[in-house]
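Take 18 as the starting number for the sequence shown in the working numbering and just add one per residue.
Where a beta carbon is used, it is the ideal one built from N, C-alpha and C, also for glycine.
As the structure is a computational prediction, the values presented were derived from the model and not from experiment.
As structure tokens, the structure follows; a few thoughts come after it.
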Amino acid sequence: MIKKINWFDVFLALVIAALFALVAFANQRNNARYIEQIDVKLLSSDNHFITQEMVEKSIIQTFPRDSKIVNSELNLKKIEDKLNKHPMIAKSEVFVDVDGKLHAQVSQKKAMARVMNGTGSFYIDESGDKMPLSNQFSAHVPVVYGELKPKNKKVFSDLLNMISNDEFLKTTITGIKINPDQSLIFTVRDYNYMVEFGHLKEIEKKFDNYKAFVHYSKNDTLIGYYKNVNLRFTEQVVCTK
18 MIKKINWFDV FLALVIAALF ALVAFANQRN NARYIEQIDV KLLSSDNHFI TQEMVEKSII
78 QTFPRDSKIV NSELNLKKIE DKLNKHPMIA KSEVFVDVDG KLHAQVSQKK AMARVMNGTG
138 SFYIDESGDK MPLSNQFSAH VPVVYGELKP KNKKVFSDLL NMISNDEFLK TTITGIKINP
198 DQSLIFTVRD YNYMVEFGHL KEIEKKFDNY KAFVHYSKND TLIGYYKNVN LRFTEQVVCT
258 K
């Protein structure tokens with residue numbers, strides 16, 4: 018008995034085979050395409066430590082040769098790894114579009130403070146890690162003096178992030194002195210007094226107390242005569258002339 022041919026199944030198989038062939042041809046053609054252009058996008062940031070030219074130069078250094086290269090010769094992971102090792106870059110994403118353009122989207126690190134002590138000068142980023150200074154940009158962040166013990170790195174980083182994320186604190190606090198006992202003293206922009214913050218405990222409560230103090234005292238002429246504002250006692254703010 019002659020088996021009846023299911024022409025629909027045959028047609029479907031031919032269509033699937035044609036699609037696979039088309040995809041394979043497109044991939045082969047795409048892999049053979051020359052990289053015509055590098056497009057670098059620096060994602061939104063308050064800091065501008067790197068330039069598009071610096072990123073493009075780092076990308077080109079990963080190419081196997083100086084002359085034009087084709088898509089198949091690119092190692093996108095290698096490019097991303099190189100960019101992510103840059104001390105000013107937090108994260109990068111690299112991809113190639115259908116027109117042979119290489120795209121790099123780069124997020125820069127954010128400086129939270131600038132440290133000046135016996136070991137030199139550097140920035141602290143959002144994670145509390147060191148960042149080198151940049152010839153391209155100077156961040157307007159609090160200047161930190163003194164030595165921070167490693168065990169206090171996390172909580173000090175939390176304090177810096179709290180300052181950076183609060184518009185009042187960010188524009189008010191200009192300097193942070195770390196005493197040998199790890200207590201802190203702040204300098205502020207609009208007044209000549211020193212703010213004794215104390216140790217890295219009950220940080221949010223102390224900041225709330227200071228903001229309330231400034232709010233209720235800013236119209237009082239006495240605030241200009243204070244030499245010291247003490248936040249060590251979380252239930253009150255103690256001022257001395």
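Checklist entry - Under the rule that 16 or more other beta-carbon atoms within 10 Å means buried, what is residue 76, buried or exposed? => result Position 59 of the sequence shown, counted from the start, is the residue given in the question as residue 76. Its Cβ being crowded by 16 or more others within 10 Å, residue 76 is buried.
Checklist entry - What distance in whole Å lies between the Cβ atoms of residue 192 and residue 203, which are believed to be in contact at a cut-off of 8 Å? => result To locate residue 203, count along the sequence shown from 1; it is residue 186. To locate residue 192, count along the sequence shown from 1; it is residue 175. Contact flag correct, Cβ pair sits at about 7 Å.
Checklist entry - Skipping 5 residues on each side, what residues in its chain have a beta carbon closer than 8 Å to that of residue 78? => result Here residue 78 is taken as the residue at index 61 of the sequence shown, counted from 1. 99, listed in sequence order.
Next on the checklist: Count Cβ pairs between the stretch 125-133 and the stretch 146-161 that sit closer than 8 Å; are there 3 or more?
Outcome noted: yes
Checklist entry - Rounded C-beta distance between residue 139 and residue 147? I'm assuming under 8 Å. => result By 1-based counting over the sequence shown, the position of residue 139 is 122. By 1-based counting over the sequence shown, the position of residue 147 is 130. Confirmed, Cβ separation roughly 5 Å.
Checklist entry - DSSP puts residue 11 in a beta bridge; with which residues? => result Since the first residue shown for the chain is 18 and the last is 258, residue 11 is missing from the structure and cannot be characterised.
Next on the checklist: Could you check whether the stretch 168-177 touches the stretch 100-111, counting it as contact only if at least three pairs of C-beta atoms, one from each stretch, sit closer than 8 Å?
Outcome noted: no
Item to check | For residue 117, the three-state DSSP class (helix, strand or coil) | outcome: To locate residue 117, count along the sequence shown from 1; it is residue 100. In this structure, residue 117 counts as coil in the three-state DSSP scheme.
Checklist entry - According to the neighbour-count rule (16 or more other Cβ atoms, all chains shown, within 10 Å of its Cβ), is residue 164 buried or exposed? => result The residue labelled residue 164 in the question sits at position 147 within the sequence shown. So residue 164 ends up on the exposed side.
Checklist entry - Do you know how far the Cα of residue 214 is from the Cα of residue 245? => result Start at 1 with the first residue of the sequence shown, and residue 245 comes out as number 228. Start at 1 with the first residue of the sequence shown, and residue 214 comes out as number 197. Approximately 11 Å between the Cα atoms of the pair.
Checklist entry - Whole beta strand (DSSP E) runs in the stretch 172-215 with 3 or more residues, listed along the chain? => result 190-195, 201-205 and 211-215
Item to check | Contact set for residue 206: own chain, Cβ-Cβ below 6 Å, skip 5 residues either direction | outcome: Position 189 of the sequence shown, counted from the first residue, corresponds to residue 206. Contacts found: 189 and 191.
Item to check | Close-in-space but distant-in-sequence residues of the same chain around residue 199 (CB under 8 Å, 5 per side omitted) | outcome: Stepping through the sequence shown from its first residue, residue 199 is reached at position 182. Around residue 199: 165, 166, 169, 216 and 217.
Checklist entry - Taking C-beta to C-beta, are residue 91 and residue 52 nearer than 8 Å? => result Within the sequence shown, residue 91 is the residue found at index 74, counting from 1. Within the sequence shown, residue 52 is the residue found at index 35, counting from 1. A contact, by the Cβ cut-off of 8 Å.
Checklist entry - From which residue to which residue does the beta strand (DSSP E) around residue 54 run? => result For the purposes of this step, residue 54 is taken as residue 37 along the sequence shown, with counting starting at 1. Note, residue 54: beta strand (DSSP E), 54-59.
Checklist entry - With 16 as the cutoff for other CB atoms within 10 Å, does residue 106 come out buried or exposed? => result Counting from one through the sequence shown, the residue named residue 106 turns up at place 89. So residue 106 counts as buried.
Checklist entry - Taking C-alpha atoms, which residue in 225, 155 and 212 lies nearest to residue 179? => result As a working mapping, residue 179 is identified with position 162 in the sequence shown. Per the Cα distances, 225.
Next on the checklist: Could you compute how far the alpha carbon of residue 229 sits from the alpha carbon of residue 249?
Outcome noted: Mapped onto the sequence shown, residue 229 falls at position 212. Mapped onto the sequence shown, residue 249 falls at position 232. Rounded to the nearest angstrom, the two C-alpha atoms are 15 Å apart.
Checklist entry - By a C-beta neighbour count over all protein chains shown, 10 Å radius and 16 as the cutoff for buried, is residue 233 buried or exposed? => result Translated into positions along the sequence shown, residue 233 becomes position 216. Looking at its Cβ environment, which holds fewer than 16 other Cβ atoms inside 10 Å, residue 233 is exposed.
Next on the checklist: Output needed for residue 149: all residues of its chain with C-beta closer than 7 Å, excluding positions within five of it in sequence on either side, in chain order.
Outcome noted: Position 132 of the sequence shown, counted from the start, is the residue given in the question as residue 149. 104 and 139.
Next on the checklist: Can you find the residues in the same chain that come closer than 7 Å, C-beta to C-beta, to residue 142, ignoring five residues on each side of it along the sequence?
Outcome noted: The residue you call residue 142 lines up with position 125 of the sequence shown. Cβ within range, chain order: 126, 127, 128, 129 and 148.
Checklist entry - Does the beta-carbon of residue 43 have 16 or more other beta-carbons within 10 angstroms, so that it is buried, or is it exposed? => result As a working note, residue 43 is residue 26 in the sequence shown. The predicted model places residue 43 with a pLDDT of 46, which falls under 50 and marks its position as unreliable; any figure quoted below should be read in that light. Classification for residue 43: exposed.
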